[in-house]
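Each residue of the sequence shown is one higher than the last, beginning at 582 in this note's numbering.
Yeah, the Cβ is synthetic: ideal placement off N, Cα and C, and Gly gets one too.
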Amino acid sequence: MTGRSAGIFAIAIAIGCHDPVGSTGDGGTAPDPLATGTTTGPGDDGSTTETPPPPPDEPEPDLPPPDPPLPPDLGSGEVPEHMPPRFTEVTVEAGLGELDPGQLLIPPFCVLDSLLGPPESTGDYCLPERFLGAAAVGDFDGDQWPDVYLSRMDGPDWLLHNEGDGTFVDVAAEVGLTQVHLTGGVAWLDIEGDGDLDLMLTTIGDARNYLYVNDGTGHFSEEAQARGFALELGMVHVGTSIGVGDYDRDGYLDVFVADWHSSVALGEGPDYDRLLHNLGAADPGVFEDVTAAMGIDMQAVSVETGAPPGAWGFSPAFVDLDGDLWPELALASDYGASRLWHNDGLSGFTDVTTMAGVGTDHNGMGSAFGDYDGDGDLDWFVTAIDSPSLEDPGNRMYRNEGGMVFSDATDQLGVRAGGWGWGTAMVDGDLDGDLDLVMAAGFPGSAYGEDPVRLWVNNGEGPWPELALERGLDFHRQGRGLVAFDYDRDGDLDLLVHSNTETPGLFRNDVETGTWLELRAAGQGGNSRGIGAQVRLWVSPGDEPQLRHIGVGSHYLGHAEAAAYFGLGDGEAPVHRVELRWPATGETWVMQDLPRNQRVLAIE
């Protein structure tokens, strides 16, 4: 972004269902937008702000043949009339240009077979390594600048500290992250409610997960075994993404860990698609496995759906889809096994996939939620494989019709064809108030090897035009994890695309039109960042509200920051009203007449 102020504004206010209205200017001074540290808000408590073909011998209906390269789905929608934004690739300038994730191993040298079975194992089970490329964003040291964790194929992963000047520096070794593992998924979250971000990792080939606990100074110690997250059950992991949320509304963050487990390649045994409950106030940051008790069984799902034997989870998310405050569990999964479980409260989850009209994606990979149609509820986009050799192939946009019923809006919007899709996000890149759609794609050794990033621009009813190249998103490097975040703190969302074996891409958003507002939440108890809160914003009286969900998301193998970002269009009038609903209590925080182009912190 250029040419606009990026003021930071601190607000601290008590909440209540009586909808208190707070001041927008008394008692706080807007600091330098590039300053670090915290500022004291006007609250009485003195709070401070934080400004896949199948495995060997599997059935092969899902193995796309080497089709000719597919043309991009450009749609036929009209290009919006306002000044289009431009993304500028700044990978080299930001210090990411020399990052080399490592080489992709080929038979007979792949990781899993070297760890399985008899010594004569050949190392031919290579498919899971093609999935990798995790990216997760969070401010691990509390300096108000978003940092980036990136996985790699060989050597220790990277922890890229945001220097605040547009560049990043790898500090993994100096903060205690030296363990070498083939990382699957990554999540930043506060497991104890102590205010700092801890780091969770799944792995491929290891017999466990990893949990690095932040000591409050930005240094880490590995404590997965002591805290019930290691999941050492005698079978190697093929760990993928981690979903984060407070499913039981006790004020502490729980997780769902996804696993891509082939019973043919890995043998009969436990999979690691697991729901882990945070013991909360009784023992903060310690987890217990409640998968079976809460009604989740991914191997049974495979039997029901006719998938190959195993459990095929890729991208889980906790998200309230029916407005009752209890977050559902949505899981994008391979081989037709994507599922939606309704949260029935403390009694558990019920599989409502068929009833809800979702789960028709044949090879679900990445997942994103957002209210793309502005009707007040969250819709679900799932990336998949687009190939004429597959029955009903491609991505899915499930439009939320209310009452836990969804319709398929994929073809209406023109977002089916995206190649071999992976990470995705709904993001208002042009600050016009509606959500656009971006996804990464690619698969080595196939017709999808040069799949580009796609950007579909929301024009209303559709079809949406695909304008990635026109907007400066030129990325053909085996995209996997994708994160939208404001790395330069100028108010608009930039894009990071990680690759499987090639240099990642960082694209700075240089939109010159529109205004914005960013809202973060400081929750009580263990949920220090208000994960699961839903925020509604009215730009002007009488407008339909914009809806955003505060959550780390689950875009595929990684996460974005816990914040709600609003594009406000052009104009100077104050924002009429903002409402935030706290996920555990259901109480509402309200502010009115907020100046534009600022960051707001809601304090519970």
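Boundaries of the beta strand (DSSP E) harbouring L1149: A1145 to G1150, taken from the DSSP string. If you draw a straight line from the Cα of G904 to the Cα of W961, it is about 15 Å long.
Within the DSSP secondary-structure output, E909 pairs in a beta bridge with V900.
Using a Cβ-Cβ distance cut-off of 8 Å, the segment 969 to 985 and the segment 1025 to 1032 are not in contact, since fewer than three pairs of beta carbons, one from each stretch, lie closer than that value.
Membership of M879 in the alpha helix (DSSP H) is indicated by the continuous run M879 to T886. Counted as a single uninterrupted DSSP element, the alpha helix (DSSP H) harbouring L847 occupies residues S844 to L847. Apart from the 5 residues on each side of it in sequence, W907 sits with its Cβ closer than 8 Å to the Cβ of Y828, R830, D901, N924, D925 and G926 in its chain, given in chain order. Under a 10 Å Cβ-count criterion, M781 is classified as buried, with 16 or more other Cβ atoms of the shown protein chains found around its own Cβ. The residues R855 and L856, in chain order, have a CB closer than 6 Å to that of T872 in the same chain once the five nearest residues on each side in sequence are set aside.
In summary, V761 is exposed, with fewer than 16 beta-carbon neighbours lying within 10 Å of its beta-carbon over all protein chains present. Under the three-state reduction of DSSP output, L1054 falls in the coil class, being neither helix nor strand.
Here T672 carries a coil assignment [DSSP, helix/strand/coil].
Using a Cβ-Cβ distance cut-off of 8 Å, the segment 1127 to 1138 and the segment 1001 to 1008 are in contact, since at least three pairs of beta carbons, one from each stretch, lie closer than that value.
The three-state reading of DSSP puts F810 in coil, since its state is none of H, G, I, E or B. The shortest C-alpha to C-alpha distance from A716 to any of Y853, E1051 and T764 is the one to T764.
For T1084, there is no enclosing alpha helix (DSSP H), since its DSSP letter is neither H nor E. Taking all protein chains shown into account, D735 has fewer than 16 neighbouring C-beta atoms within 10 Å of its C-beta and is therefore exposed.
Contact between A839 and P897 is confirmed by a C-beta separation of about 5 Å, below the 8 Å threshold.
For the 9 Å CB-CB criterion, E674 and G723 do not form a contact. Annotation for T1166: no beta strand (DSSP E) segment contains it, and DSSP assigns it neither H nor E. It is roughly 15 Å from the alpha-carbon of D992 to the alpha-carbon of S968. When DSSP states are grouped into helix, strand and coil, S928 belongs to the helix group.
Residue state for A863 is assigned as helix, using DSSP reduced to three classes. Scanning the segment 922 to 979 for uninterrupted beta strand (DSSP E) segments of 3 residues or longer gives 930 to 932, 948 to 951 and 960 to 963, listed from N- to C-terminal end. With a contact defined as Cβ atoms closer than 8 Å, G757 and S822 miss out at about 24 Å. Shortest Cα-Cα distance from L1018 to any of E982, G815, L1074 and G984 involves L1074. Considering only D915, L860 and G861, the residue with the shortest C-alpha distance to T886 is D915.
G1060 and L693 have their C-alpha atoms some 22 Å from each other. Listed as beta-bridge partners of T784 by DSSP are T764. The Cβ atoms of I1112 and P1046 lie no closer than 9 Å to each other.
Per DSSP, the beta bridge partners of R1158 are W1119 and Q1173. DSSP places L994 inside the alpha helix (DSSP H), whose first and last residues are T991 to L994. In this structure V729 does not touch L1182 by the C-beta definition: roughly 22 Å separates them, more than the 8 Å allowed. The beta-bridge partner set that DSSP reports for Q1179 consists of L1098. Straight through space, the alpha carbons of T934 and H943 are spaced by roughly 14 Å.
With respect to L1087, Y1146 sits apart: the two C-beta atoms are not nearer than 9 Å.
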